[in-house]
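Asks: Line order of the protein sequences matches chains A and B. So in this note's numbering the end of the first sequence lands on 237, straight run, no missing numbers. So in this note's numbering the end of the second sequence lands on 237, straight run, no missing numbers. Structure in structure tokens, see below.
2 protein chains.
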Amino acid sequence: MTDHDTSTGAAWSLFLTAHAVLVEEIERRLAAADLPALDWYDALWALERAEGQRLRMHEFAHWMVTSRSNITRLIDRLEAAGLVRRERSEEDRRGAYAVLSAEGRRMRKRMWPVYEKAISELFEQKLSAAEIRQIGAVMRKLIARPGIPAAGDGGGG
Amino acid sequence: MTDHDTSTGAAWSLFLTAHAVLVEEIERRLAAADLPALDWYDALWALERAEGQRLRMHEFAHWMVTSRSNITRLIDRLEAAGLVRRERSEEDRRGAYAVLSAEGRRMRKRMWPVYEKAISELFEQKLSAAEIRQIGAVMRKLIARPGIPAAGDGGGG
DNA sequence: TGGTTATAATTGCAAGTGCAATCATCGTAA
DNA sequence: TTACGATGATTGCACTTGCAATTATAACCA
Numbered sequence: 081m082t083d084h085d086t087s088t089g090a091a092w093s094l095f096l097t098a099h100a101v102l103v104e105e106i107e108r109r110l111a112a113a114d115l116p117a118l119d120w121y122d123a124l125w126a127l128e129r130a131e132g133q134r135l136r137m138h139e140f141a142h143w144m145v146t147s148r149s150n151i152t153r154l155i156d157r158l159e160a161a162g163l164v165r166r167e168r169s170e171e172d173r174r175g176a177y178a179v180l181s182a183e184g185r186r187m188r189k190r191m192w193p194v195y196e197k198a199i200s201e202l203f204e205q206k207l208s209a210a211e212i213r214q215i216g217a218v219m220r221k222l223i224a225r226p227g228i229p230a231a232g233d234g235g236g237g
Numbered sequence: 081m082t083d084h085d086t087s088t089g090a091a092w093s094l095f096l097t098a099h100a101v102l103v104e105e106i107e108r109r110l111a112a113a114d115l116p117a118l119d120w121y122d123a124l125w126a127l128e129r130a131e132g133q134r135l136r137m138h139e140f141a142h143w144m145v146t147s148r149s150n151i152t153r154l155i156d157r158l159e160a161a162g163l164v165r166r167e168r169s170e171e172d173r174r175g176a177y178a179v180l181s182a183e184g185r186r187m188r189k190r191m192w193p194v195y196e197k198a199i200s201e202l203f204e205q206k207l208s209a210a211e212i213r214q215i216g217a218v219m220r221k222l223i224a225r226p227g228i229p230a231a232g233d234g235g236g237g
């Protein structure tokens, strides 16, 4: 009926399923360890890598591949948990920064071993080094927007 | 600090970002065409492939990689839209089937061209045939649970 | 048989998400 | 300088999700 299940047509479908299965298991492990969910890790890590450990809200939304309103609420939660604080922008008084706190750094460090173990067991150990390189290269191609140079490797985890 | 951004360590992160970017764009296109979201497509397609175009709720949840309560509500919505109907199970009176309706088949057919175009442009055309095969093979490995044979190619869309 | 435990599906509730306003500020140009 | 349309961020609201009960039925076994 469609080419969903020809040998190449299945790739997309398998990609979606693999994502769902792996993320579900990672979330399960984080919750079992009484740690926050994956999106908090991503957010903390994005901030930790950022210049001055801070990001403007809209930059943040872009890194996290989500909407501004979602970021507003995510930062609300991170701020309530003491992991991040907001600072008004000097240059543009409409703007705000999300700034990583010391507690935020600690929390990311605390999450990383669980997350790392999951990535290792669920992803890296199931593949050869060559396959991992292939995945990286292919994902980069998929992210690249026509004409725009690759947006970097961050934002995901 | 971590191996997030070594050449192999980035693969997982890129995988997450690629998924987010592509799914976001596909959802955007479906919404722009006044069509339901991706999860409805997945659900309709899972049913269309299933024996008798029906699935027990818990099987459905497994295919869709989500919880039973989510499936209950998803089927509620699909049923309200006339795309699916519920049938009580004969053999096990606790059980229920979700059964694809003619309208459900029509809707999936109506969604497919938009979805197919998106997959083609955002995924297949950015990669070589060899790369697509590699992705398929790698995703299969990631999905496979130790000891359990690959759960098949479905579930994703 | 009667009682206990497991399984199928649903429901209540708290939390998260997406979209369309809204509010404040900026940039530009009459 | 004031008016106008853009931009940054937040908020309101409807919808979706996830988790922990709840309800109904099945399976097991003393």
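Where is the CB? At the ideal position from N, CA and C, for every residue including glycine.
Does DSSP put Leu96/B in a helix, in a strand, or in coil?
Replies: On the second sequence, position 16 is the one that residue 96/B refers to. In this structure, Leu96/B counts as helix in the three-state DSSP scheme.
Asks: Could you tell me which chain B residues have their CB closer than 7 Å to the CB of Ala126/A, listed as they occur along the chain?
Replies: Working through the first sequence from its first residue, we reach residue 126/A at position 46. Here the premise fails: no neighbours, minimum Cβ distance about 11 Å.
Asks: How about Glu211/B: is its C-beta nearer than 7 Å to some C-beta of chain A?
Replies: Within the second sequence, numbered from 1, the residue matching residue 211/B stands at position 131. Yes, Glu211/B counts as interfacial toward chain A.
Asks: In three-state DSSP terms, what is Val194/A?
Replies: Residue numbering aside, residue 194/A sits at position 114 when the first sequence is read from its first letter. The answer is helix: DSSP assigns Val194/A an H, G or I state.
Asks: Less than 7 Å between the beta carbons of Ser169/A and Gly175/A, yes or no?
Replies: The residue you call residue 169/A lines up with position 89 of the first sequence. The residue you call residue 175/A lines up with position 95 of the first sequence. Going by C-beta atoms, Ser169/A is nearer than 7 Å to Gly175/A.
Asks: Taking the alpha helix (DSSP H) that Val218/A falls in, what are its first and last residues?
Replies: Indexing the first sequence from 1 puts residue 218/A at position 138. Val218/A -> alpha helix (DSSP H) spans 209-223.
Asks: With C-beta atoms as the reference, is Ile155/A less than 7 Å away from Val164/A?
Replies: Position 75 of the first sequence holds residue 155/A. Position 84 of the first sequence holds residue 164/A. For Ile155/A and Val164/A, yes; Cβs fall inside 7 Å.
Asks: Have a look at His84/A and Leu124/B and give me their C-alpha separation to the nearest angstrom.
Replies: If you number the first sequence from 1, residue 84/A lands on position 4. If you number the second sequence from 1, residue 124/B lands on position 44. Confidence is the limiting factor: at His84/A the pLDDT is only 49, short of 50, which leaves the residue's position unreliable and the question unanswerable from this model.
Asks: If I follow the unbroken beta strand (DSSP E) through Glu167/B, where does it start and stop?
Replies: Here residue 167/B refers to the residue found at position 87 when the second sequence is read from its first residue. Segment 164-168, the beta strand (DSSP E) holding Glu167/B.
Asks: At a CB-CB cut-off below 7 Å, which residues of chain B make contact with Lys221/A?
Replies: The residue labelled residue 221/A in the question sits at position 141 within the first sequence. Chain B residues near Lys221/A: Lys206, Leu207.
Asks: Would you please verify whether the beta carbon of Thr97/A is less than 7 Å from any beta carbon of chain B?
Replies: Here the question's residue 97/A lines up with position 17 in the first sequence. True, the Cβ-Cβ gap to chain B drops below 7 Å.
Asks: Could you check where the beta strand (DSSP E) with Arg174/A kicks off and where it finishes?
Replies: Numbered from its first residue, the first sequence carries residue 174/A at position 94. Premise fails: Arg174/A is in no beta strand (DSSP E) and is neither H nor E.
Asks: Bridge partners for Leu124/A per DSSP, in chain order?
Replies: Taking the first residue of the first sequence as position 1, residue 124/A is located at position 44. In DSSP, Leu124/A forms no bridge with anything.
Asks: For Asp122/A, count the other beta carbons within 10 Å of its own beta carbon; 16 or more makes it buried, fewer makes it exposed. Which is it?
Replies: As a working note, residue 122/A is residue 42 in the first sequence. Its Cβ being crowded by 16 or more others within 10 Å, Asp122/A is buried.
Asks: Taking Gln205/B as the reference, which of Val218/A, Arg108/A, Asp119/A, Gly184/A has the closest Cα?
Replies: What you label residue 205/B is simply residue 125 of the second sequence in a count that begins at 1. Closest by alpha carbon: Val218/A.
Asks: Output the distance between the C-alpha atoms of Gly216/A and Glu171/B, rounded to the nearest integer angstrom.
Replies: Here residue 216/A is taken as the residue at index 136 of the first sequence, counted from 1. Here residue 171/B is taken as the residue at index 91 of the second sequence, counted from 1. Approximately 48 Å, taken between the alpha carbons.
Asks: Would you say Ile223/B and Val101/A are within 7 Å of each other, going by their C-beta atoms?
Replies: Translated into positions along the second sequence, residue 223/B becomes position 143. Translated into positions along the first sequence, residue 101/A becomes position 21. In contact: Ile223/B and Val101/A (Cβ atoms closer than 7 Å).
Asks: If you check the beta carbons only, do Leu202/B and Glu105/B fall under 7 Å apart?
Replies: Here residue 202/B refers to the residue found at position 122 of the second sequence. Here residue 105/B refers to the residue found at position 25 of the second sequence. Cβ distance < 7 Å, so Leu202/B and Glu105/B count as in contact.
Asks: Here's the rule I'm using: 16 or more other beta-carbon atoms within 10 Å means buried, otherwise exposed. How should Trp92/A be labelled?
Replies: Here residue 92/A refers to the residue found at position 12 of the first sequence. Buried: at least 16 other Cβ atoms inside 10 Å.
Asks: Can the beta-carbon of Ile151/A be found less than 7 Å from the beta-carbon of Ala141/A?
Replies: Here residue 151/A is taken as the residue at index 71 of the first sequence, counted from 1. Here residue 141/A is taken as the residue at index 61 of the first sequence, counted from 1. Taking 7 Å as the Cβ cut-off, Ile151/A and Ala141/A qualify as a contacting pair.
Asks: Does any residue of chain A have a CB that is nearer than 7 Å to the CB of Val194/B?
Replies: Here residue 194/B refers to the residue found at position 114 when the second sequence is read from its first residue. Judged by the 7 Å Cβ criterion, Val194/B is not in contact with chain A.
Asks: Would you mind giving the Cβ-Cβ distance between Ala126/B and Leu135/B, rounded to the nearest angstrom? I have them listed as a contact below 8 Å.
Replies: Mapped onto the second sequence, residue 126/B falls at position 46. Mapped onto the second sequence, residue 135/B falls at position 55. That pair is a contact at about 7 Å.
Asks: Mind listing the chain A neighbours of Leu180/B? Cutoff is C-beta to C-beta under 7 Å, in chain order.
Replies: By one-based count along the second sequence, residue 180/B stands at place 100. What Leu180/B touches in chain A: nothing, since even the nearest Cβ is about 13 Å away.
Asks: Give the DSSP bridge partners of Arg136/A, in chain order.
Replies: Along the first sequence, one-based indexing puts residue 136/A at 56. Answer is Tyr177/A, bridged to Arg136/A.
Asks: According to DSSP, is Gly89/B helix, strand or coil?
Replies: Translated into positions along the second sequence, residue 89/B becomes position 9. In this structure, Gly89/B counts as coil in the three-state DSSP scheme.
Asks: Spatial neighbours of Leu94/A within its chain, please: CB distance less than 7 Å, with the 5 preceding and 5 following residues excluded, ordered by chain position.
Replies: Here the question's residue 94/A lines up with position 14 in the first sequence. Correct list: empty, nothing qualifies.
Asks: So the alpha helix (DSSP H) Ser149/A belongs to, where does it begin and stop?
Replies: In the first sequence, residue 149/A corresponds to position 69, counting from 1. Where Ser149/A is concerned, the enclosing alpha helix (DSSP H) stretches over 148-160.
Asks: In three-state DSSP terms, what is Ala111/A?
Replies: On the first sequence, position 31 is the one that residue 111/A refers to. Here Ala111/A sits in helix by DSSP.
Asks: Could you check whether Val194/B and Met109/B sit closer than 7 Å to each other, using their CB atoms as the reference points?
Replies: Within the second sequence, residue 109/B is the residue found at index 29, counting from 1. Within the second sequence, residue 194/B is the residue found at index 114, counting from 1. Reading off the sequence shown, one finds Arg at residue 109/B, where the question assumed Met. Yes, the pair counts as a contact, with Cβ atoms nearer than the cut-off.
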